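Scroll down for the structure; my scribbles are underneath it.
In this note's numbering, the protein residues as written are 1496 to 1628.
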């Protein structure tokens, strides 16, 4: 890991906030696991549908070490990030994933570790499937 990234990983986000005036992520976005911390250049995409092909294409285009930042453009019914997406991103060398919408497979994401995932809510469709089991 390059020196600037190592230093950034040791720095508290609150300290960074003293030196910048904007461009903060939504405060509703939280790490799936409190131990997750991520630093890297953002690779942003808009994903308003449940079409994962666009997501996998974007992950292949993202430079290694980047954080995939996914704007769901208000879509909150279907999760775009779960175990398979996290495993794919990890294998492609991504530093983390941030989604302004739902996710799924929280237990597996925590078990996989090493790839920080920041999200807003558990996916509704995933929650309904769990209730039916």
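Quick reminder that beta carbons are idealized off the backbone N, C-alpha and C, glycines included. Quantities reported herein were computed from a predicted structural model and do not represent experimental measurements.
Is residue i near residue j, with beta carbons less than 9 Å apart?
i            : j            : result
residue 1564 : residue 1612 : no
residue 1596 : residue 1610 : no
residue 1566 : residue 1540 : yes
residue 1577 : residue 1546 : no
residue 1583 : residue 1551 : yes
Note down, in chain order, each residue of its chain lying with its Cβ closer than 8 Å to the Cβ of residue i, except the 5 sequence neighbours on either side.
i            : result
residue 1536 : 1558, 1560, 1561 and 1562
residue 1588 : 1559 and 1560
With a CB to CB cut of under 6 Å and the five nearest residues on each side skipped, what residues in its chain are close to residue i?
i            : result
residue 1543 : 1568 and 1570
residue 1538 : 1557, 1561 and 1563
residue 1553 : 1540
Starting from residue i, trace the beta strand (DSSP E) in both directions and tell me its first and last residue.
i            : result
residue 1594 : 1591-1594
residue 1564 : 1562-1566
residue 1537 : 1537-1541
Identify the continuous alpha helix (DSSP H) that holds residue i and give its terminal residues.
i            : result
residue 1581 : 1578-1586
residue 1603 : 1601-1607
residue 1550 : 1547-1556
If we count the other Cβ atoms within 10 Å of its Cβ and call it buried at 16 or more, is residue i buried or exposed?
i            : result
residue 1606 : exposed
residue 1529 : exposed
residue 1534 : buried
residue 1602 : exposed
Counting only the same chain and skipping the five closest in sequence on each side, list residues whose C-beta sits under 7 Å from that of residue i.
i            : result
residue 1579 : none
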